[in-house]
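Just so we're aligned, residue 4 is where the sequence shown starts under the numbering used here, counting upward by one. Here's the structure, in structure tokens; my notes come after.
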Amino acid sequence: MKVALYSRVSRDDLNCENQNIVLKQWAAREGIPDADCQFFSESISTRKTRPVKEQVIKMFREGKIDTIAVVKLDRFARSLQEMVLDVEAVVNGNGRFVSISNGLDFSKKGYNASQQLMLNIFGAFAQFEREIIRERTFDGLARAKAQGKRLGRRQVLDCGKIIERRASGASYSEIASEFGCSKARIGAIVNKPSGGNPIDAAPLMPEPSSIRSVSCP
Numbered sequence: 004m005k006v007a008l009y010s011r012v013s014r015d016d017l018n019c020e021n022q023n024i025v026l027k028q029w030a031a032r033e034g035i036p037d038a039d040c041q042f043f044s045e046s047i048s049t050r051k052t053r054p055v056k057e058q059v060i061k062m063f064r065e066g067k068i069d070t071i072a073v074v075k076l077d078r079f080a081r082s083l084q085e086m087v088l089d090v091e092a093v094v095n096g097n098g099r100f101v102s103i104s105n106g107l108d109f110s111k112k113g114y115n116a117s118q119q120l121m122l123n124i125f126g127a128f129a130q131f132e133r134e135i136i137r138e139r140t141f142d143g144l145a146r147a148k149a150q151g152k153r154l155g156r157r158q159v160l161d162c163g164k165i166i167e168r169r170a171s172g173a174s175y176s177e178i179a180s181e182f183g184c185s186k187a188r189i190g191a192i193v194n195k196p197s198g199g200n201p202i203d204a205a206p207l208m209p210e211p212s213s214i215r216s217v218s219c220p
């Protein structure tokens, strides 16, 4: 038995470590040797492109693996239709598909009407949950935008230039307007200790070394 242990996360700032632990524990319970297991982790993907998953499917078709295991069904497919097609492709190819957390174990020998029903039920719930999360996300973004909040990643500011502008006599309001951020953030950058006294309205330009040592909060 050659097993593909597949894991996937939705964002590139997450990792598959927890899923891989569950997959490894399942393989141990099944008595599958480590030499027969191969981990496939996907962290950067889109709705239409998942190169690691495509590699797993290709290896199955070529006979290099005969079992695919995932922690949850929605880690392998993003729609009910895709999920059913993927599972049935594995089953009809005399393979085995296992979804550990869902308690599902599909193979051609035992794949019957009851298992088809269970697959569709779990798949429908997974798709419903995904759509609810999506709706809540869009609602939250719309609410934040209506409140005038800045969306997206926090702006990266040039702390050295901010300190130079303050040292030249510019006010917090002027600097904040120029760099497109709040006066509070400008104040936090200017007044952050850097081995000496905080810079306020000093008439002289700061030394380059002190500029480089200041980091954005």
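Beta carbons: idealized from backbone N, C-alpha and C, even for Gly.
Report yes if the C-beta of residue i is less than 7 Å from at least one heavy atom of the ligand ZN; otherwise report no.
{"i": "V6", "result": "Among the components of this structure there are no ligands whatsoever, and the ligand ZN is therefore not found."}
For my contact list, residue i and residue j are in at a C-beta cut-off of 8 Å; report their separation, rounded to the angstrom.
{"i": "N97", "j": "K75", "result": "Wrong, their Cβ atoms sit about 24 Å apart, outside the cutoff."}
{"i": "S46", "j": "L26", "result": "That belief does not hold up - the Cβ atoms of S46 and L26 are roughly 15 Å apart, past 8 Å."}
{"i": "F43", "j": "A7", "result": "6 Å"}
Are residue i and residue j closer than 8 Å when you measure CB to CB?
{"i": "F79", "j": "N105", "result": "no"}
{"i": "I103", "j": "A72", "result": "yes"}
{"i": "L160", "j": "F182", "result": "yes"}
{"i": "G3", "j": "Y175", "result": "Absent from the model: residue 3. The displayed extent of the chain is 4 to 220, so no value can be given."}
{"i": "L122", "j": "L107", "result": "yes"}
{"i": "K5", "j": "K67", "result": "yes"}
If we count the other Cβ atoms within 10 Å of its Cβ and call it buried at 16 or more, is residue i buried or exposed?
{"i": "T70", "result": "buried"}
{"i": "L88", "result": "exposed"}
{"i": "A31", "result": "exposed"}
{"i": "F1", "result": "The displayed coordinates of the chain run from 4 to 220. Any statement about residue 1 would go beyond what the structure contains."}
How big is the Cα-Cα spacing for residue i and residue j?
{"i": "E20", "j": "K195", "result": "37 Å"}
{"i": "L114", "j": "I135", "result": "Note on identity: in this sequence residue 114 is Tyr, with Leu being the wrong assignment. One C-alpha to the other measures close to 30 Å."}
{"i": "E85", "j": "Q130", "result": "11 Å"}
{"i": "A204", "j": "G143", "result": "Bear in mind that the predicted position of A204 carries a pLDDT of just 38, short of 50, making it too unreliable to give a figure here."}
{"i": "M62", "j": "N95", "result": "15 Å"}
{"i": "M99", "j": "A145", "result": "It should be pointed out that residue 99 corresponds to Arg in this sequence rather than to Met. When rounded, the distance between both Cα atoms is 43 Å."}
{"i": "G172", "j": "S185", "result": "18 Å"}
{"i": "P36", "j": "P54", "result": "26 Å"}
{"i": "F141", "j": "G34", "result": "44 Å"}
To which residues does DSSP link residue i through a beta bridge?
{"i": "I71", "result": "A7 and F100"}
{"i": "Q41", "result": "A7"}
{"i": "F109", "result": "F100"}
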